[in-house]
Amino acid sequence: MRTHFAEVLASESVCLAAVTNGAKLAGWRRRVVEELMTPRSPYALALRQAGDGAERADFLDRWRELITETLDRLLRSGSTGDTHCSSGQTRKADADPRKTAVLILAALHGGSTLSQIAKDPWPLNAALDLALAPFVATEDNGPARTVMSSPIGTMSP
Amino acid sequence: MTTADSHNGRRLTARGAKTRTRIVTAASDLMYVKGVRATTLDDVLAASGVSKSQLYHHFDGKDALVRAVIDHVGERVIEREREALGHVSTIRGLRRWRDALVQNNALRHGAYGCALGSLASEVSDHDAVAREALSRLFNEWQGLLAGVLRRLQDGGGLAPEASADQLATGLMAALQGGYMLAQTARDVTPMATALDMALAHIESLSKD
Numbered sequence: 001m002r003t004h005f006a007e008v009l010a011s012e013s014v015c016l017a018a019v020t021n022g023a024k025l026a027g028w029r030r031r032v033v034e035e036l037m038t039p040r041s042p043y044a045l046a047l048r049q050a051g052d053g054a055e056r057a058d059f060l061d062r063w064r065e066l067i068t069e070t071l072d073r074l075l076r077s078g079s080t081g082d083t084h085c086s087s088g089q090t091r092k093a094d095a096d097p098r099k100t101a102v103l104i105l106a107a108l109h110g111g112s113t114l115s116q117i118a119k120d121p122w123p124l125n126a127a128l129d130l131a132l133a134p135f136v137a138t139e140d141n142g143p144a145r146t147v148m149s150s151p152i153g154t155m156s157p
Numbered sequence: 001m002t003t004a005d006s007h008n009g010r011r012l013t014a015r016g017a018k019t020r021t022r023i024v025t026a027a028s029d030l031m032y033v034k035g036v037r038a039t040t041l042d043d044v045l046a047a048s049g050v051s052k053s054q055l056y057h058h059f060d061g062k063d064a065l066v067r068a069v070i071d072h073v074g075e076r077v078i079e080r081e082r083e084a085l086g087h088v089s090t091i092r093g094l095r096r097w098r099d100a101l102v103q104n105n106a107l108r109h110g111a112y113g114c115a116l117g118s119l120a121s122e123v124s125d126h127d128a129v130a131r132e133a134l135s136r137l138f139n140e141w142q143g144l145l146a147g148v149l150r151r152l153q154d155g156g157g158l159a160p161e162a163s164a165d166q167l168a169t170g171l172m173a174a175l176q177g178g179y180m181l182a183q184t185a186r187d188v189t190p191m192a193t194a195l196d197m198a199l200a201h202i203e204s205l206s207k208d
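Taken in order, these protein sequences are the chains called A and B.
For the record, in the first sequence the residue sitting at position 20 is 20 according to the numbering used here, with numbers rising by one throughout.
For the record, in the second sequence the residue sitting at position 73 is 73 according to the numbering used here, with numbers rising by one throughout.
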């Protein structure tokens, strides 16, 4: 487990440091989605539930800090995908980098779990669209979906 | 009186059904607290007080038991969520739903996470039947959230062009990821933050 945590943090330090505008943040997001959708990639393994609690907590704290620094930098430079936001969306000026970083980590965690069970990157992309809305334009997430596309059968007792 | 055993199609007597329920309930509790992988059939035998032959009468092995646990936990969660979300049509109602989940998780310092989400993160790799069952259950849960968002749209509380399904999936991911962050931190604060941020975004879509 320790190796996966270290590998992801090493990779994230480099990739997030290179994010200087909304388009590059979108590129970062695409790469992370690819990593998480690759079975047994360091990212997929690092986000699994098993493993040492203290090490996992430290890993998540450090990743969250890297994301927070990146978002903070984007806000200060004013170079985000704000122009793509529709009038109703959360404005970057209102965005709190630390809290947004928590939502992004939750979206990566929860979205990848939903994507694993669905065998489809769509839920993970939907999660990141919501989490990154103040900072980047919405990804083209394929055709519109209906989550209840078919009637759910009666569950067994 | 007989009851159908959903997995092997056998008819169960009332006594057989009671034994099966005892096994599944004990397994559900153990898997929630210890995790699926760490729970052995011997643990389930000890906790349920049934004999090995009784357990194997109902279940071929651990995979079959895990599938029954998914059905059992899923039914409970969906019933709870249908009750909580079935008539919600405002952001305030969604916030009350968030408060209940966060408060409930705070009682355990976030230690165990979501009963259904924990199963999803542990069993999705190696059992396609279990994975598909979980996928259906999460679809149903997200469908309840999408229903709330459509009612919000009907009432003018959410822009009509917003995709209720996509937002519902994003909100579910924030919830599940929030549970996982809380579990690691042994503190519900990150779960509360993730849900608040997701709901704030949904609320922002109602503004002109």
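From the three backbone atoms N, C-alpha and C, an ideal C-beta is built for every residue, glycine too.
On a predicted model such as this, the values are computed, not experimentally measured, just so you know.
At the C-beta level, residue 180(B) and residue 109(A) come within 8 angstroms of one another. Between the C-alpha atoms of residue 128(A) and residue 104(A) there is a straight-line separation of about 7 angstroms. The C-beta of residue 136(A) comes no closer than 8 angstroms to any C-beta of chain B. Residue 105(B) is classed as buried because its beta carbon has at least 16 other beta carbons within 10 Å across all chains shown. Counted as a single uninterrupted DSSP element, the alpha helix (DSSP H) harbouring residue 109(A) occupies residues 97-118. In this chain, the alpha helix (DSSP H) harbouring residue 105(B) covers 91-106.
Take the alpha-carbon of residue 39(B) and the one of residue 77(B): they are about 21 angstroms apart. In this chain, the alpha helix (DSSP H) harbouring residue 31(A) covers 22-36. Proximity of residue 175(B) to chain A, defined by a Cβ-Cβ separation below 8 angstroms, is satisfied. Residue burial is scored here from C-beta neighbours: residue 10(A) has fewer than 16 other C-beta atoms within 10 angstroms and is therefore classed as exposed.
By the rule that beta-carbons nearer than 8 angstroms mark a contact, residue 39(B) does not touch chain A. C-alpha of residue 173(B) to C-alpha of residue 124(A): approximately 8 angstroms in a straight line. Residues of the stretch 99-116 of chain A with a C-beta atom less than 8 angstroms from some C-beta of chain B are 99, 100, 102, 103, 105, 106, 107, 108, 109, 110, 111, 113, 114, 116, listed in chain order.
For residue 26(A), the nearest beta carbon of chain B is not closer than 8 angstroms to its own beta carbon. Legend: CB atoms of the stretch 40-55 of chain B lying less than 8 angstroms from CB atoms of chain A are not found in any residue. In this structure, the alpha-carbon of residue 160(B) lies about 50 angstroms from that of residue 12(B).
According to the DSSP assignment, residue 194(B) belongs to the alpha helix (DSSP H) that extends over 189-204. Only those residues of the stretch 191-202 of chain B whose C-beta falls short of 9 angstroms from the nearest C-beta of chain A are listed: 191, 193, 194, 195, 196, 197, 198, 200, 201, 202.
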